[in-house]
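In what follows, a single structure is set out as structure tokens and then discussed.
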Amino acid sequence: MALYDPIREELVKADLAQGSFRVHRDAYRSAEVFEREKEQIFSKCWLYLGHDTELKKKGDFHARRVGGRDLIFIRDKKGEVRAHYNSCTHRAAKVCRERTGNARNFTCPYHGWVFSSEGDLVSQNTQTGYAEGINADGHLDLRSVERLEEYRGFWFVNYNPNAINLYDYLDGARDQIDALCDQTEGQQIILSGEHTYSIRANYKLLCENSYDGYHLFPVHASYFDYLRDQMVGTPGEGLIDKTLQSYNTAGCARALGNGHAVLDSYVPTGRPIAQWLPSMGAGTRPEIEARYASLVRRLGEERAKYIAETQKNLVIFPNLVINDILSVTVRVIEPESENKIRVTAWAMGPDDESEELRALRLDNFVSFLGPAGFGSPDDIEMLEICQDAADHTPIEWSEISKGFGKVENPLYGAGMPDDEIQMQAYWTMWDRVMRGIDTLEKK
Amino acid sequence: MNEAFAPALDVEWLRRVEQFYYREARLLDERRYLSWLELLSPAILYLMPGRFVPLARASAADPETIHAPDKELSGYGPRALPLREEGFAHLAQRAERALKPNAWAENPPPRIRRFVANVEVEPLAGGSVRAWSNLLLFHSQQGRADHLFSAQRRDRLETYGDHLRIVEREVRLDGDTITGPSVALFF
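One line per chain: the protein sequences are Z and A, in this order.
Note that this note's numbering has the first sequence beginning at 1161, numbered continuously upward.
Note that this note's numbering has the second sequence beginning at -10, numbered continuously upward.
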């Protein structure tokens, strides 16, 4: 519910001279703003659909809601990846009622129209009543999404036929995807299963939280206690406190263009990709060291070190999070309303890692990142009290100024890991797209 | 084998297991998490699968398997992504965490009431039993809507001295999306 209607002219205010960057709380709480986001943000930006490795075999599909639209993400029987709208061209029924599976055809349960995996209408389940050639122009085939493109296995859709290419849209985020994909000589794959959960908060609150270095100590102190306990009696004892002391000077937050940004930091959780810690058990050490050696050989010492040791929290505007930390999660935030989201999270890992390392990766995922983890419930609590308080107090502005004012263009700023320059980049882009200053269209 | 009928009832076992569950529920409802740990075997496996909706495939040989709940589970181990797969150390850390003031999701603490029903017991060799039960967990916490979790628990309990303790527990939540406040609770 909005406390200040109608929509304000200005929801993001940046005052360079004052060093002040503010976001009006209607951006989190107003149904009217959310309606406009559906038209501007979710109809013009590239939205994550799924990963290539989720469609292993021909006919594999996933039915997903992306930016409020129901899609079928499928590898058709010729091997081509497609995205169809999940609605019968006859009278609207969903043609695919499963979340996932393998199919050569989709048969609409209502009147029996049959569509091929390529989307072609192959039967109307009747001999009579239709003019011959009624589908000569293909208008009764399953509707394809306006745009579907991929970068290194990450498939995105865009509902604007004139949108710029995904490649250009990703801008500096491409380098981050490269850093992720180059972790292995093999392939990064989505590991089996997904976590789906809902949170009573605006989607942008979770984006902000996902690469917020500032919240780490206040919110996750109990998690650091857990890490400390794991290291008691190992050579890693004391490492937690030592590393955390240098947390806000060792890494950085970097904006990557088009509202994307990454937080590079150093938190001693251990990383199944090439950073071994005693808490991970001696058995995994040789493999991790071999992985590191392979990184150096392929990419050089500097890049290898970056890939192996830096914790990377990436947000691709507007609602995709890739956290490459103690485990890798690809997490998409689907807004259901201005104050409710549905989160789907997948674990990602290299296809050539040992069973032991894979088990460790998934254990890290479940025990910290998952909805039952040691991290997520506390984050969720924070998001929900932010939303609740924004909804039920008249305070106009949120102050997102930490580190602001160092660069002319916030879309390419950089700062300390506990700065808020990543959010300043996000909101700058959000404001530009919302106001039509940046249409994200081909010139 | 006809599984529709229960074997002859071993009333004594049933009473023991029921009483064990009621006591366990009361300990947890009263937030005596450290005491609850005493009810666990050090070798406990505490499992919560993710659930999904599989493609229905009919089997001519056994038509009842078309919608078998077993097919909806994520599985466990290095190739699967369950919601939880925990041992004693993990549960002990949860218990300690739940009693910390800076575990924000737990403070202020939720009021939780656990209702255990539909208990079935199948004695196994060596003094252990397999037990099925349904759990309804009412969750109320300041500042949020009340929530009900519904789950099936599939346990293995063993005799330890004069008592029972839990060796294995699988909690199968019935919710499709996780809409509740947290699945990091003790079910």
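Glycine is no exception: its CB is placed at the ideal position from the N, C-alpha and C atoms.
On a predicted model such as this, the values are computed, not experimentally measured, just so you know.
Going by beta carbon distance, what residues of the same chain come within less than 7 Å of aspartate 1539 (chain Z), once the five residues before and after it are set aside? Translated into positions along the first sequence, residue 1539 (chain Z) becomes position 379. Hits under 7 Å: Asn1369 and Val1379.
Leucine 72 (chain A) and glycine 39 (chain A) - do their beta-carbons sit closer together than 7 Å? Here residue 39 (chain A) refers to the residue found at position 50 when the second sequence is read from its first residue. Here residue 72 (chain A) refers to the residue found at position 83 when the second sequence is read from its first residue. Yes, they are a contact pair.
Apply the 10 Å Cβ neighbour rule to proline 1321 (chain Z) and answer buried if 16 or more other Cβ atoms are within range, or exposed otherwise. Within the first sequence, numbered from 1, the residue matching residue 1321 (chain Z) stands at position 161. With fewer than 16 Cβ atoms within 10 Å of its Cβ, proline 1321 (chain Z) is classed as exposed.
Counting pairs of beta carbons, one from the segment 1569 to 1584 of chain Z and one from the segment 1422 to 1438 of chain Z, are three or more of them closer than 8 Å? yes
Taking all protein chains shown into account, do 16 or more other C-beta atoms lie within 10 angstroms of the C-beta of valine 0 (chain A), making it buried, or fewer, making it exposed? On the second sequence, residue 0 (chain A) is found 11 positions in, with the first residue counted as 1. Exposed, since its Cβ has fewer than 16 Cβ neighbours within 10 Å.
Less than 7 Å between the C-beta atoms of glutamate 147 (chain A) and valine 156 (chain A), yes or no? Counting from 1 along the second sequence, the entry for residue 147 (chain A) is found at position 158. Counting from 1 along the second sequence, the entry for residue 156 (chain A) is found at position 167. Yes, these two residues count as a Cβ contact at 7 Å.
Where do the N-terminal and C-terminal ends of the beta strand (DSSP E) with phenylalanine 1181 (chain Z) fall, by residue? Numbered from 1 along the first sequence, position 21 holds the residue referred to as residue 1181 (chain Z). Phenylalanine 1181 (chain Z) -> beta strand (DSSP E) spans 1180 to 1184.
Since phenylalanine 1202 (chain Z) sits in a beta bridge, which residues does DSSP pair it with? For the purposes of this step, residue 1202 (chain Z) is taken as the residue at position 42 of the first sequence. Per DSSP, none; premise fails for phenylalanine 1202 (chain Z).
Does alanine 69 (chain A) get closer than 7 Å to chain Z when you measure Cβ to Cβ? Within the second sequence, numbered from 1, the residue matching residue 69 (chain A) stands at position 80. So yes, alanine 69 (chain A) belongs to the interface.
Could you tell me which of Z:Val1422, Z:Ile1350 and Z:Trp1557 sits nearest to threonine 1504 (chain Z), measuring between CA atoms? Within the first sequence, numbered from 1, the residue matching residue 1504 (chain Z) stands at position 344. Per the Cα distances, Z:Ile1350.
Going by DSSP, which residues form a beta bridge with serine 139 (chain A)? For the purposes of this step, residue 139 (chain A) is identified with residue 150 of the second sequence, where counting begins at 1. Note: serine 139 (chain A) sits in a beta bridge opposite A:Leu125.
Just to make sure I have the definition right: I need the residues of chain Z whose C-beta is within less than 7 Å of the C-beta of tryptophan 93 (chain A). Which are they? Sequence index remark: in the second sequence, residue 93 (chain A) carries index 104 (1-based). Going along chain Z in sequence order, the residues near tryptophan 93 (chain A) (Cβ under 7 Å) are Val1379, Asp1538, Glu1541 and Met1542.
Is the Cβ of alanine 1253 (chain Z) closer than 7 Å to any Cβ of chain A? On the first sequence, position 93 is the one that residue 1253 (chain Z) refers to. So no, alanine 1253 (chain Z) is outside the interface.
CA-CA distance, alanine 94 (chain A) and leucine 174 (chain A)? On the second sequence, position 105 is the one that residue 94 (chain A) refers to. On the second sequence, position 185 is the one that residue 174 (chain A) refers to. Those two C-alpha atoms are separated by around 10 Å.
Compare the Cα-Cα distances from alanine 1296 (chain Z) to each of Z:Tyr1311, Z:Glu1309 and Z:Asp1280 and report the closest residue. Position 136 of the first sequence, counted from the start, is the residue given in the question as residue 1296 (chain Z). Checking every option, the nearest Cα to that of alanine 1296 (chain Z) belongs to Z:Asp1280.
Would you list the residues sitting across from isoleucine 1359 (chain Z) in a DSSP beta bridge? Position 199 of the first sequence, counted from the first residue, corresponds to residue 1359 (chain Z). Beta-bridge pairing links isoleucine 1359 (chain Z) to Z:Ile1501.
Measuring straight from C-alpha to C-alpha, what distance separates valine 1282 (chain Z) and threonine 1260 (chain Z)? Against the first sequence, residue 1282 (chain Z) aligns to sequence position 122. Against the first sequence, residue 1260 (chain Z) aligns to sequence position 100. So the two alpha carbons sit approximately 22 Å from each other.
Cβ-Cβ separation, lysine 1562 (chain Z) to tyrosine 1374 (chain Z) (assumed contact under 8 Å), whole Å: Here the question's residue 1374 (chain Z) lines up with position 214 in the first sequence. Here the question's residue 1562 (chain Z) lines up with position 402 in the first sequence. Rounded, the Cβ-Cβ distance is 7 Å, consistent with contact.
Tell me the rounded alpha-carbon separation between leucine 1543 (chain Z) and valine 1422 (chain Z). Locating residue 1543 (chain Z) in the first sequence gives position 383, counting from the first residue. Locating residue 1422 (chain Z) in the first sequence gives position 262, counting from the first residue. About 20 Å.
6 Å CB neighbourhood of arginine 100 (chain A) in its chain, flanking five on each side removed: In the second sequence, the residue the question calls residue 100 (chain A) occupies position 111. Within the same chain, arginine 100 (chain A) has close Cβ partners Ser129.
Assign glycine 1396 (chain Z) to buried or exposed, taking buried as 16 or more other Cβ atoms, counted over all protein chains shown, within 10 Å of its Cβ. Taking the first sequence and counting its residues from 1, the one referred to as residue 1396 (chain Z) is at position 236. That one is buried.
Let's see if you can read the secondary structure: which residues bound the alpha helix (DSSP H) around threonine 1409 (chain Z)? The sequence position of residue 1409 (chain Z) within the first sequence is 249, counting from 1. Looking at the DSSP string, the run of the alpha helix (DSSP H) that includes threonine 1409 (chain Z) is 1407 to 1410.
Taking 7 Å as the CB-CB limit, is glutamate 1192 (chain Z) close to chain A? Numbered from its first residue, the first sequence carries residue 1192 (chain Z) at position 32. Judged by the 7 Å Cβ criterion, glutamate 1192 (chain Z) is not in contact with chain A.
Within 7 Å of any Cβ in chain Z, is that where the Cβ of arginine 102 (chain A) sits? One-based indexing of the second sequence puts residue 102 (chain A) at position 113. Judged by the 7 Å Cβ criterion, arginine 102 (chain A) is not in contact with chain Z.
Interface residues of the segment 1341 to 1370 of chain Z facing chain A [CB-CB below 9 Å]: Leu1351, Ser1352, Gly1353, Glu1354, His1355, Thr1356, Tyr1357, Ser1358 and Arg1360
With DSSP as the reference, please indicate the residues paired to phenylalanine 1316 (chain Z) in a beta bridge. For this step, residue 1316 (chain Z) is matched to residue 156 along the first sequence. Looking at the DSSP assignment, phenylalanine 1316 (chain Z) forms a beta bridge with Z:Tyr1208 and Z:Glu1309.
Can you give the Cα-Cα distance for leucine -2 (chain A) and valine 6 (chain A), rounded to whole angstroms? As a working mapping, residue -2 (chain A) is identified with position 9 in the second sequence. As a working mapping, residue 6 (chain A) is identified with position 17 in the second sequence. The straight-line gap from Cα to Cα measures roughly 13 Å.
Just tell me which of Z:Tyr1270, Z:Ala1532 and Z:Asn1362 has its CA closest to the CA of glycine 169 (chain A). Looking up residue 169 (chain A) in the second sequence gives position 180. Comparing Cα positions, the closest option is Z:Ala1532.
Does tyrosine 35 (chain A) come out as helix, strand or coil in the three-state DSSP assignment? Within the second sequence, numbered from 1, the residue matching residue 35 (chain A) stands at position 46. Of the three classes helix, strand and coil, the one that applies to tyrosine 35 (chain A) here is strand, per DSSP.
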